[in-house]
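To start, the structure under review is shown below, and the notes come after it.
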Amino acid sequence: MENRSKYLPNKGDKCARCRKEASICLPAHRANFCPGCFVHYFENAVERGIKKMRLNRQDPLMIAVSGGKDSLATWQVLNDLGLDTKGLFINLQIDEFSQKSREAVQKFAEDRGLDWSEYDLKTEIGYTIPELHQQRQKKFCSLCGRIKRQLINRLAARENFQTVATGHNLDDEASRLLGNLIDDRQDFVEKQYPFLPSPHPRIPAKFKPLYRLEKKEILYYCELKNIQYLNQKCPFSKGATSKYFNQTLEFLEDKMPGTKRDFLYSYLKKDKNLVYEEPFNNCRECGEPTYVELCGICRLKNSLSRDNI
Ligand code: AMP
Ligand code: FES
Ligand code: ZN
């Protein structure tokens, strides 16, 4: 498990809710909590997100799980809050990394009696991640992210789910927002809202239940809930620029607790026009909904096969 020593309270500090001895200190909230009250705080933050985003609690949710701390914590908390959930794992076939990811998902689900589906990237799109990496090293992480997003959508739709939840947390969202603003990518800024309604019957709505929670809070939650996640970075994620934005925000957070939250929430407060243009086409090759003639996955497959001629 990762180290969270920075957030240990001083000896004698009391829980803000029940006055028992505190076990975690959250400077951004100027509060300390004992283990039980921390779980209450964590669940409350997710519940608040559900209400703010006006999610229907009765709708079954497909949880995209990678085996890492964020997505397994997402699954745990939604299940504990009584939502109807099913896991979705895409095996990317990144050797040992994917094997361990799968094991983490399997153990988590088995221990809790939860249902999940596994899909194989090679079967779905004809390539594994290492095969794609061989041909496309440039900005590989963002390519991989796009493929995963599209595949998660279509697999959830295939299983008749109308909403998909992912494990993106406050740190991910704040650093992505900073990156998008610096590069002036307004359309990306719009698309990173924590809840995106479904624009088409075959494209599910997307929800990020942990958008109000920081990495350190998720780590502690995993510890308390005995979530045995895979604590390993994908071997192809080297060179992703997002870490610089993250480090910058961490620096500010350290000096001014609450900065990350304030930054993200101030953007969320702005009026959003969350009505999306409907995809007007079915992909010429695979029939999936798309805004253009060919869907992103078919465009990628075509460009790879052209390179191999
Ligand atoms: P990442 O793009 O790795 O930051 O992952 C973002 C989110 O996508 C995670 O929190 C998961 O919800 C989901 N995800 C990532 N990898 C997988 C996978 N192999 N299978 C299913 N969902 C995934
Ligand atoms: Fe996408 Fe590693 S999981 S680059
Ligand atoms: Zn297609």
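Counting the sequence shown from 1 gives a position; this note's numbering is that position plus 1477.
Glycine included, C-beta positions come from ideal geometry on N, C-alpha and C.
Quick check on Ile-1571: does DSSP put it in helix, strand or coil?
Correct three-state label for Ile-1571: coil.
Taking only beta-carbon atoms, is Asn-1703 less than 8 angstroms away from chain B?
Judged by its chain identifiers, the structure shown contains no chain B, having just a single protein chain.
For Arg-1783, which residues from the same chain have a beta carbon less than 6 angstroms from its beta carbon, with the 5 sequence-adjacent residues on both sides left out?
Within the same chain, Arg-1783 has no close Cβ partners at all.
Excluding the five sequence neighbours on either side, which residues of its own chain have a C-beta within less than 8 angstroms of the C-beta of Asp-1536, listed in chain order?
Taken in chain order, the residues that qualify are Asp-1561, Gln-1639 and Thr-1640.
Compute the Euclidean distance between the alpha carbons of Asn-1487 and Leu-1565, then round it to the nearest angstrom.
Cα to Cα, the separation comes out at about 41 angstroms.
Pull up the distance between the alpha-carbon of Asp-1557 and that of Lys-1702, whole angstroms please.
Rounded to whole angstroms, Asp-1557 to Lys-1702 spans 11 angstroms at the Cα level.
What do you reckon, is the C-beta of Ser-1714 under 7 angstroms from a heavy atom of ligand 2?
Flag set: Cβ of Ser-1714 near ligand 2.
Jot down the residue ranges of each uninterrupted alpha helix (DSSP H) in the region 1735-1779, minimum 4 residues, whole runs only, in chain order.
Listed in chain order, the complete alpha helix (DSSP H) runs (minimum 4 residues) inside the region 1735-1779 are 1736-1746.
Is it buried or exposed for Pro-1681, if we count other Cβ within 10 angstroms and need 16 for buried?
Per the 10 Å Cβ criterion, buried.
So Lys-1683 is in the beta strand (DSSP E); what residue range does that whole segment cover?
Run containing Lys-1683: 1682-1684, per the beta strand (DSSP E) assignment.
Please list, in chain order, all residues of the same chain as Val-1516 whose beta carbon is under 8 angstroms from its beta carbon, the five residues on each side excluded.
Once the five neighbours on either side are set aside, the close Cβ partners of Val-1516 are Tyr-1698, Leu-1701 and Lys-1702.
Can you give the beta carbon distance from Leu-1569 to Thr-1605, rounded, assuming they're within the 8 angstroms contact cut?
Leu-1569 to Thr-1605, Cβ: 7 angstroms. Contact.
Cβ of Ala-1508 within 7 angstroms of any heavy atom in ligand 1?
No; taking the cut-off as 7 angstroms, the Cβ of Ala-1508 has no heavy atom of ligand 1 nearer than that.
Put Phe-1713 into one of helix, strand or coil per three-state DSSP.
In this structure, Phe-1713 counts as coil in the three-state DSSP scheme.
Please classify Val-1641: does DSSP put it in a helix, a strand, or coil?
Note: Val-1641 maps to strand in three-state DSSP.
Closest to Arg-1635 by CA distance: which of Pro-1678, Arg-1653, Glu-1667 and Pro-1674 is it?
It is Pro-1678 whose Cα lies nearest to the Cα of Arg-1635.
Write down the C-beta distance between Val-1582 and Val-1542 rounded to the nearest angstrom, noting that I regard them as a contact closer than 8 angstroms.
About 5 angstroms separates the two Cβ atoms, so the contact holds.
Please go through the region 1647-1698 and give each complete beta strand (DSSP E) segment of 3 or more residues, from N-terminal end onward.
Runs of the beta strand (DSSP E) inside the region 1647-1698: 1682-1684.
Return the chain-ordered ranges of every alpha helix (DSSP H) run that is complete within the region 1568-1630 and spans a minimum of 4 residues.
Complete alpha helix (DSSP H) runs here, min 4: 1572-1589, 1598-1602 and 1606-1612.
Who are the near neighbours of Gln-1669 in its chain, counting only those whose CB is closer than 8 angstroms to its CB and skipping five residues on each side?
The answer, listed in chain order, is Glu-1650, Arg-1653, Leu-1654 and Asn-1657.
In three-state terms, what does DSSP make of Asn-1723?
The answer is helix: DSSP assigns Asn-1723 an H, G or I state.
Between Phe-1665 and Ile-1659, what straight-line distance do the alpha-carbon atoms span, to the nearest angstrom?
The alpha-carbon atoms of Phe-1665 and Ile-1659 are separated by roughly 12 angstroms.
Report the rounded CA-to-CA distance for Ala-1493 versus Phe-1684, giving the unit in angstroms.
Straight-line Cα distance between these residues: approximately 30 angstroms.
In whole angstroms, give me the CA-to-CA distance for Arg-1496 and Asn-1509.
Each residue's alpha carbon lies about 9 angstroms from the other.
Roughly how many angstroms separate the alpha carbons of Ile-1629 and Cys-1772, rounded to a whole number?
For Ile-1629 and Cys-1772, the distance between alpha carbons rounds to 14 angstroms.
Which of the three DSSP states is assigned to Glu-1700 in this structure?
DSSP places Glu-1700 in helix when its eight states are reduced to three.
For the beta strand (DSSP E) that contains Cys-1511, what are its first and last residues?
It is not in any beta strand (DSSP E) - Cys-1511 carries neither H nor E in the DSSP assignment.
Which residue from Asp-1648, Lys-1491, Arg-1761 and Leu-1696 puts its Cα closest to that of Tyr-1721?
Answer by Cα proximity: Asp-1648.
Just the C-alpha distance for Tyr-1484 and Lys-1693, rounded to the nearest angstrom, thanks.
So the alpha carbons of these two residues sit roughly 8 angstroms apart.
For Glu-1636, does the three-state DSSP call read helix, strand or coil?
It is coil, neither helix nor strand.
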